[in-house]
Amino acid sequence: MKTVYDFHVKMTNDEEKSLQDYEGKPLIIVNTASKCGFTPQFKGLQKLYDKYKDRGLMVLGFPCAQFNNQEFNQIEKTTQFCQVNYGVTFPIFAKVEVNGHNAEPLFTFLKEKKGGLLSNNIKWNFTKFLIDRNGQVVERYAPTTDPRNIEYDLVKLL
-4 MKTVYDFHVK MTNDEEKSLQ DYEGKPLIIV NTASKCGFTP QFKGLQKLYD KYKDRGLMVL
56 GFPCAQFNNQ EFNQIEKTTQ FCQVNYGVTF PIFAKVEVNG HNAEPLFTFL KEKKGGLLSN
116 NIKWNFTKFL IDRNGQVVER YAPTTDPRNI EYDLVKLL
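To convert, note that position 115 of the sequence shown is 110 in the working numbering; the numbers rise steadily by one, no gaps.
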């Protein structure tokens, strides 16, 4: 059975990283944007990461400019923005597309496992996916879902 651990993603320096490096850890995978109305969710995601990283949690952020081009062109600006404005210390990866022919294969997999309300497409920035320790997609959360509202489901996986 395919899991998120079967995927490789690009880091901000264009090197590939195997998600198998996170095997055995619960994950929150989220498409992010630096210039979005939901951008303050970085703070809540960081709080969850700080609170549960010692119990294995990893938050993986994937910048995306597919929705109103709300991400910087240079990944260095993105990572600096996240660190300076929201204290982000969880991994931020290279910019991706989450829908369409050029969608990052990881996000195609996530959408297949947990579809959206009216379609499988990701509708906006800060769609969040909760992954269990076995690499299986447990839940999908709308962009409007505050990260605090993920905590109940997350704790069950720790």
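The beta-carbon is built from N, C-alpha and C at its ideal position, and this holds for glycine as well. Source: prediction; values computed, not measured.
Report yes if the CB atom of residue i is closer than 8 angstroms to the CB atom of residue j, and no otherwise.
i: L101; j: P21; result: no
i: G110; j: K118; result: no
i: N116; j: P138; result: no
i: G130; j: Y44; result: no
i: L105; j: F85; result: no
i: V25; j: T122; result: yes
i: L40; j: P142; result: yes
i: F57; j: T34; result: no
i: C31; j: Q61; result: no
i: Y81; j: M53; result: no
i: D148; j: V132; result: no
Could you tell me whether any Cβ in chain B is nearer than 8 angstroms to the Cβ of residue i?
i: Q15; result: No chain B appears in the structure shown, which is made up of a single protein chain.
Which word fits residue i, buried or exposed, when buried means at least 16 other C-beta atoms lie within 10 angstroms of its C-beta?
i: Q69; result: exposed
i: S114; result: exposed
i: N8; result: exposed
i: E10; result: exposed
Kindly give me the distance between the Cβ atoms of residue i and residue j, rounded to whole angstroms, as I take these residues to be in contact under 8 angstroms.
i: K12; j: H3; result: 7 angstroms
i: G19; j: R128; result: 5 angstroms
i: V83; j: F37; result: 6 angstroms
Using the C-alpha atoms, what's the distance from residue j back to residue i?
i: M6; j: L55; result: 11 angstroms
i: G95; j: S29; result: 21 angstroms
i: R50; j: E107; result: 28 angstroms
i: F67; j: I126; result: 27 angstroms
i: K46; j: E146; result: 10 angstroms
i: V150; j: C77; result: 25 angstroms
i: N97; j: K48; result: 32 angstroms
i: N144; j: K42; result: 12 angstroms
i: N63; j: T103; result: 20 angstroms
i: E99; j: I23; result: 16 angstroms
Exercise for the section: Decide if the stretch 88 to 100 is in contact with the stretch 65 to 77; the criterion is three or more beta carbon pairs, one per stretch, under 8 angstroms apart. Expected result: Verdict: yes, contact present.
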